[in-house]
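Protein sequences appear in the order of chains A and B. The numbering used here applies: residue 12 is where the first sequence begins, and numbers increase by one. The numbering used here applies: residue -1 is where the second sequence begins, and numbers increase by one. Reviewing the structure listed below.
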Amino acid sequence: GAGVSQTPSNKVTEKGKYVELRCDPISGHTALYWYRQSLGQGPEFLIYFQGTGAADDSGLPNDRFFAVRPEGSVSTLKIQRTERGDSAVYLCASSLGTARNTGELFFGEGSRLTVL
Amino acid sequence: AQTVTQSQPEMSVQEAETVTLSCTYDTSESNYYLFWYKQPPSRQMILVIRQEAYKQQNATENRFSVNFQKAAKSFSLKISDSQLGDTAMYFCAFLGAQKLVFGQGTRLTINP
């Protein structure tokens, strides 16, 4: 596609359930980033992939959060045993090469997760 | 670790006026990028303007310009001839050797 695509756009789940959020980056972009944006806040870094490997996962808040990118394109963010505090918009971004070299990230429209 | 601070949670101006949004950052790196992103209710982050730290000249994109003061670690955004469509959240962001770090945002409202 022309841009970064994220699905679902909105997800409502119950506390304790498992959730998967998908990100389809711009074709050919090797770098992929996940951010979490709580209401009224700036996005917070979660994890960064370069190709298939997680180059930096220092932003994942705990072991309930996990992300994969098995073929170096689509990425899935997985949240186990969801808690109400996980409610947020999860943003995905991609860049050609590393953002550090290109100086540009392209963002999707995010997936809004609501945990009841 | 890098930090980005936006000290104005909300701002409001009349259409056609000029408005300046403030941003300061903290880093020990010498080579980096600074950005201003716009986030309308659609949630998508839209790049407004970008500045490379090694360039002394302030970046300009049509009605948007920045005042980059490297020594002071300040990076403000000026919007001239503001339009109703400029209403949005604006985020300042820093990109160094690691990940993109965002400020807390400024909610800008342009009134008719």
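Note that the Cβ used here is the ideal one computed from N, Cα and C, for glycine as well. Owing to the predicted nature of the structure, the values given are computational and were not obtained by experimental measurement.
One or two residues paired with residue i in a DSSP bridge
i: Asn109 of chain B; result: B:Gln12
i: Thr18 of chain B; result: B:Lys76
i: Glu50 of chain B; result: B:Tyr31
i: Gln118 of chain B; result: The question about residue 118 of chain B has no answer, for chain B in this structure spans -1 to 110.
i: Tyr23 of chain B; result: B:Val2
Residue i, enclosing beta strand (DSSP E) - first and last residue
i: Met87 of chain B; result: 86 to 93
i: Val100 of chain A; result: 99 to 106
i: Thr41 of chain A; result: Per DSSP, Thr41 of chain A belongs to no beta strand (DSSP E) and is neither H nor E.
Closer than 8 Å to chain B by CB, residue i
i: Glu120 of chain A; result: yes
i: Pro36 of chain A; result: no
i: Leu116 of chain A; result: yes
i: Val100 of chain A; result: yes
Contact check, residue i vs residue j, beta carbons under 8 Å
i: Ser80 of chain B; j: Glu8 of chain B; result: no
i: Ser27 of chain A; j: Arg92 of chain A; result: The question names Ser, yet the displayed sequence has Gly at residue 27 of chain A. For Gly27 of chain A and Arg92 of chain A, yes; Cβs fall inside 8 Å.
i: Val17 of chain B; j: Phe100 of chain B; result: no
i: Thr87 of chain A; j: Gln61 of chain A; result: no
i: Leu102 of chain A; j: Phe118 of chain A; result: yes
i: Tyr30 of chain B; j: Ala51 of chain B; result: yes
i: Gln52 of chain A; j: Gln102 of chain B; result: yes
i: Ala104 of chain A; j: Val15 of chain A; result: yes
Chain E contact residues for residue i, given Cβ-Cβ distances below 8 Å
i: Phe60 of chain A; result: In the displayed structure, chain E is absent; the protein chains listed are A and B.
Closer than 8 Å to chain A by CB, residue i
i: Lys71 of chain B; result: no
i: Ser40 of chain B; result: yes
Runs of beta strand (DSSP E) wholly within the segment 60 to 97 of chain A (minimum 3 residues, chain order): 64 to 67, 76 to 79, 86 to 90
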